[in-house]
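**Student:** Residue numbers (the numbering used here), protein chains in the order written: chain A, 136 to 449; chain B, 136 to 449.
Structure, rendered in structure tokens:
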């Protein structure tokens, strides 16, 4: 039982209608690792600069995240992102991106990271995703995320990476863009024809849907009256989803995947309640399980047959 | 057990990427009535012109819909709508609207229609909705739909109408617009503060959510690989929802409202599979119940406790 993730480890400056923060700890691998840390041992892989110090390492280590494969590059600067959200929190407006040490990133994995049972290739250049996938041949379940940039500029590489994983986790607009198919059910099927056995469509506030060869499952987003910063929600979803799967003993069957969708939904909902990692870094498992049970209560209904007395001529 | 609906009875010309039709039978009261006809006796109220003939009446009567309160205005033309959808089927582009006999509509309800147990005020001018509401004092459950036009031009009337019903059924963007509150959970609460005990947020392909004072419930849209024409989906949803409620014996409690959400979702899904009323008019109850059970299977998950073995320090 162990989970490796490759992705960005970053500083984010974010402005939303509900506040702003400068140079918060962020990045895909960070949000993912913190969310997954409630379920299993996580090993993030990625480069940071000299600006990444003990305070940042401590946020991860307090959650039991193994930081040995976070590579600190002498003289370098960490990946930096500045973005703004208006009232439609589904849309991020990027104002600045500085790759820093990420520009020359060549993944180096320790033996422990290579031995991962579950592997997540967060949104990075697809050739890098393939390199890491090749270094973790024993992973029994692997998943990747991506974005419009790679769909537009590295489509063949991305399709090759997709062919090598078990599960693709993308926004629904990205699934449509990747396949050129406006119907999501058809688009998900087209992705599975490249190899994956599962496709997760992230739908922002509307939740997430899981497509497999034989079935469809969907959950709404957990309803929140206070959403402050959506940055990292998708990675927290993936962290809850894959963290739960890695903790599961036995087959990753349909019922297990569905519960994992529930934990992904719950971790994403905590993520957006505060800026950056503020909420998830301070969570505990009891809060997570309580919200999981609330989500269960919000989605279940009784399939009783229709009552008698109808006058329909059918 | 009887259900009255007031709304448009119309001809629609619709163009989608998947085909087009000229002057199909349509209108809010028609889509609603056909969907509800599988559960209960429905009485649509509304005006038509001389262009509305035996063929149109027959579509309704074959489904057992009581057409006595459809008022045929001598020399008049029926309401007509022409619209177009691009690949984003969530957005209708209106190209022509001719009110015809609807311009001078004054609701006249027979004794049978006034005696309705359940009442649906489809999207019409809110003062007309209030007139009809006042004519049906015995309705134990009433609901209304509306649109951006009335929110912008008749907001006070609309709020007065909302205060007189048990349930509001609107698109989520309309709920936000009505309340000026970007957060949907807060916006739904603000609507309930005007009087209704329930708010249904329609979310297009993402399904629908039910807010009550104590609870939240949401269902995804039924996944379809072939969506041809979304016109009328919201009214078919309302027809399945209120038709089921009217057929229900006993209290309209939370579990009953949730099953009604399921039937609404199912009827909306059949509606969009073909143009106009083509699919719903030819349905049978067995197909509806089969899809209801499929929807149930796509939304349920087991709330098992997380397995042992986690290493989280939490």
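We put the beta carbon where it would ideally sit given N, CA and C, even for glycine.
Nearest chain B C-beta to residue 438 (chain A) closer than 8 Å, yes or no?
**Tutor:** Numbered from its first residue, the first chain carries residue 438 (chain A) at position 303. So, interface residue.
**Student:** Is any heavy atom in the ligand NAD found nearer than 7 Å to the beta carbon of residue 194 (chain A)?
**Tutor:** Summarising the ligand content, the structure contains no ligands, and the ligand NAD is consequently not present.
**Student:** Whose Cβ in chain B lies nearer than 9 Å to the Cβ of residue 434 (chain A)?
**Tutor:** Taking the first chain and counting its residues from 1, one reaches residue 434 (chain A) at position 299. The contacting residues are 352, 353, 354, 434, 435 and 436.
**Student:** Mind checking the stretch 366 to 397 of chain A against chain B and listing, in chain order, the residues whose C-beta falls within less than 8 Å of any C-beta there?
**Tutor:** Within the stretch 366 to 397 of chain A, the qualifying residues are 379, 382, 383, 384, 390, 393, 394, 396 and 397.
**Student:** Would you decide whether residue 189 (chain B) is buried or exposed? Buried here means 16 or more other CB atoms lie within 10 Å of its CB.
**Tutor:** Position 54 of the second chain, counted from the first residue, corresponds to residue 189 (chain B). Label assigned to residue 189 (chain B): exposed.
**Student:** Relative to the C-alpha of residue 350 (chain B), which candidate in B:363, B:320 and B:357 has its C-alpha closest?
**Tutor:** By one-based count along the second chain, residue 350 (chain B) stands at place 215. The shortest C-alpha separation from residue 350 (chain B) is found at B:320.
**Student:** Tell me the DSSP secondary structure of residue 103 (chain A) in three-state form.
**Tutor:** Nothing in the structure corresponds to residue 103 (chain A), since chain A is present only between 136 and 449.
**Student:** Taking the beta carbon of residue 182 (chain A) as the centre, do at least 16 other beta carbons fall within 10 Å, making it buried, or is it exposed?
**Tutor:** Residue mapping note: residue 182 (chain A) aligns to position 47 of the first chain, counting from 1. Buried, by the Cβ-count rule.
**Student:** Within a Cβ cutoff of 6 Å, which residues of the same chain sit near residue 355 (chain B), ignoring the five residues on either side of it in sequence?
**Tutor:** Counted from its first residue, the second chain places residue 355 (chain B) at position 220. 342.
**Student:** Any beta-carbon of chain B closer than 8 Å to the one on residue 295 (chain A)?
**Tutor:** For the purposes of this step, residue 295 (chain A) is taken as the residue at position 160 of the first chain. Cβ-Cβ to chain B under 8 Å: no for residue 295 (chain A).
**Student:** Given that residue 338 (chain B) touches chain A, what residues does it touch there, using C-beta distances under 7 Å?
**Tutor:** Walking along the second chain from the start, residue 338 (chain B) turns up at place 203. Correct list: 341.
**Student:** So with CB distances below 8 Å, who are the chain B contacts of residue 150 (chain A)?
**Tutor:** Taking the first residue of the first chain as position 1, residue 150 (chain A) is located at position 15. Chain B residues near residue 150 (chain A): none, gap ~16 Å exceeds 8 Å.
**Student:** If you reduce the DSSP assignment to three classes, tell me which class residue 283 (chain B) lands in.
**Tutor:** What you label residue 283 (chain B) is simply residue 148 of the second chain in a count that begins at 1. The answer is helix: DSSP assigns residue 283 (chain B) an H, G or I state.
**Student:** Assuming residue 144 (chain A) and residue 213 (chain A) form a contact by the criterion Cβ under 8 Å, report the distance between their Cβ atoms to the nearest whole angstrom.
**Tutor:** Taking the first residue of the first chain as position 1, residue 144 (chain A) is located at position 9. Taking the first residue of the first chain as position 1, residue 213 (chain A) is located at position 78. The pair is a contact, with the Cβ atoms about 7 Å apart (cut-off 8 Å).
**Student:** Classify residue 443 (chain A) as helix, strand or coil using the three-state DSSP reduction.
**Tutor:** For the purposes of this step, residue 443 (chain A) is taken as the residue at position 308 of the first chain. Only weak support exists for where residue 443 (chain A) lies, its pLDDT of 49 falling under 50; the coordinates are left without a value.
**Student:** Runs of 3 residues minimum, wholly inside the stretch 172 to 199 of chain B: which ones carry the beta strand (DSSP E) assignment?
**Tutor:** For the stretch 172 to 199 of chain B, whole beta strand (DSSP E) runs of length 3 or above, ordered along the chain, are 177 to 183.
**Student:** Can you check the stretch 274 to 352 of chain B for any beta strand (DSSP E) of at least 3 residues that lies completely inside it and give the ranges in chain order?
**Tutor:** Listed in chain order, the complete beta strand (DSSP E) runs (minimum 3 residues) inside the stretch 274 to 352 of chain B are 276 to 279, 302 to 306, 333 to 337 and 343 to 347.
**Student:** Tell me the rounded alpha-carbon separation between residue 370 (chain A) and residue 304 (chain B).
**Tutor:** Position 235 of the first chain, counted from the first residue, corresponds to residue 370 (chain A). Position 169 of the second chain, counted from the first residue, corresponds to residue 304 (chain B). Distance between the alpha carbons of residue 370 (chain A) and residue 304 (chain B): 33 Å.
**Student:** Can you tell me the Cα-Cα spacing of residue 308 (chain A) and residue 377 (chain A), whole angstroms?
**Tutor:** Taking the first residue of the first chain as 1, we reach residue 308 (chain A) at position 173. Taking the first residue of the first chain as 1, we reach residue 377 (chain A) at position 242. Answer to the nearest angstrom: the Cα atoms are 22 Å apart.
**Student:** Which chain A residues are close to residue 201 (chain B), counting only those with a beta carbon under 7 Å from its beta carbon?
**Tutor:** On the second chain, position 66 is the one that residue 201 (chain B) refers to. Result: empty, since nearest Cβ-Cβ is about 10 Å, beyond 7 Å.
**Student:** Residue 163 (chain B) by DSSP, collapsed to three states: which one?
**Tutor:** Against the second chain, residue 163 (chain B) aligns to sequence position 28. Helix.
**Student:** Count the other C-beta atoms from every protein chain shown that fall within 10 angstroms of the C-beta of residue 228 (chain A), then say buried if there are 16 or more, exposed otherwise.
**Tutor:** Along the first chain, one-based indexing puts residue 228 (chain A) at 93. Flag for residue 228 (chain A) reads exposed.
**Student:** Going along chain A, which residues have a C-beta under 7 Å from residue 362 (chain B)?
**Tutor:** In the second chain, residue 362 (chain B) corresponds to position 227, counting from 1. The contacting residues are 318.
**Student:** Which parts of the stretch 200 to 271 of chain A are runs of the alpha helix (DSSP H), unbroken and 4 residues or longer, counting only runs that do not cross its ends?
**Tutor:** Taking only runs of at least 4 residues, the alpha helix (DSSP H) segments lying wholly in the stretch 200 to 271 of chain A are 246 to 249 and 261 to 270.
**Student:** Please list the partners that residue 359 (chain B) has in chain A, where partner means a Cβ-to-Cβ separation under 8 Å.
**Tutor:** On the second chain, residue 359 (chain B) is found 224 positions in, with the first residue counted as 1. Per Cβ cutoff of 8 Å: 318 and 320.
**Student:** Residues in the same chain with beta-carbon distance under 7 Å from residue 205 (chain B), minus the five sequence neighbours each way, listed in chain order, please.
**Tutor:** Position 70 of the second chain, counted from the start, is the residue given in the question as residue 205 (chain B). These residues qualify, in order along the chain: 144, 179, 181 and 183.
**Student:** For residue 141 (chain B), which three-state DSSP category applies?
**Tutor:** By 1-based counting over the second chain, the position of residue 141 (chain B) is 6. Here residue 141 (chain B) sits in strand by DSSP.
**Student:** Against chain B, does residue 222 (chain A) count as a neighbour if the rule is that its beta carbon must be under 8 Å from one of theirs?
**Tutor:** Numbered from 1 along the first chain, position 87 holds the residue referred to as residue 222 (chain A). So yes, residue 222 (chain A) belongs to the interface.
**Student:** Just the chain B side, please: which residues come within less than 7 Å of residue 251 (chain A) by C-beta, in chain order?
**Tutor:** Within the first chain, numbered from 1, the residue matching residue 251 (chain A) stands at position 116. None at all; the shortest Cβ gap to chain B is about 14 Å.
**Student:** Here's a check: name, in chain order, each residue in its chain whose Cβ is nearer than 8 Å to the Cβ of residue 136 (chain A), leaving out the five neighbours to either side.
**Tutor:** To locate residue 136 (chain A), count along the first chain from 1; it is residue 1. Excluding residues within five positions, the ones whose Cβ falls inside 8 Å are 175, 176, 252, 381 and 382.
**Student:** Going by beta carbon distance, what residues of the same chain come within less than 6 Å of residue 399 (chain A), once the five residues before and after it are set aside?
**Tutor:** On the first chain, residue 399 (chain A) is found 264 positions in, with the first residue counted as 1. Result list for residue 399 (chain A): 372, 375 and 376, in chain order.
**Student:** Output yes if chain A places a C-beta closer than 8 Å to the C-beta of residue 344 (chain B); else output no.
**Tutor:** For the purposes of this step, residue 344 (chain B) is identified with residue 209 of the second chain, where counting begins at 1. For residue 344 (chain B), the answer is yes, since a Cβ of chain A falls inside 8 Å of its Cβ.
**Student:** From residue 215 (chain B) to residue 162 (chain B), what does the alpha carbon distance come to, in whole angstroms?
**Tutor:** Looking up residue 215 (chain B) in the second chain gives position 80. Looking up residue 162 (chain B) in the second chain gives position 27. Cα-Cα distance, rounded: 9 Å.
**Student:** List, in chain order, every chain A residue whose beta-carbon is nearer than 8 Å to that of residue 431 (chain B).
**Tutor:** Translated into positions along the second chain, residue 431 (chain B) becomes position 296. The contacting residues are 436 and 438.
**Student:** Cβ closer than 9 Å: which chain B residues qualify as neighbours of residue 428 (chain A)?
**Tutor:** Taking the first chain and counting its residues from 1, the one referred to as residue 428 (chain A) is at position 293. Those are 438, listed as they occur along chain B.
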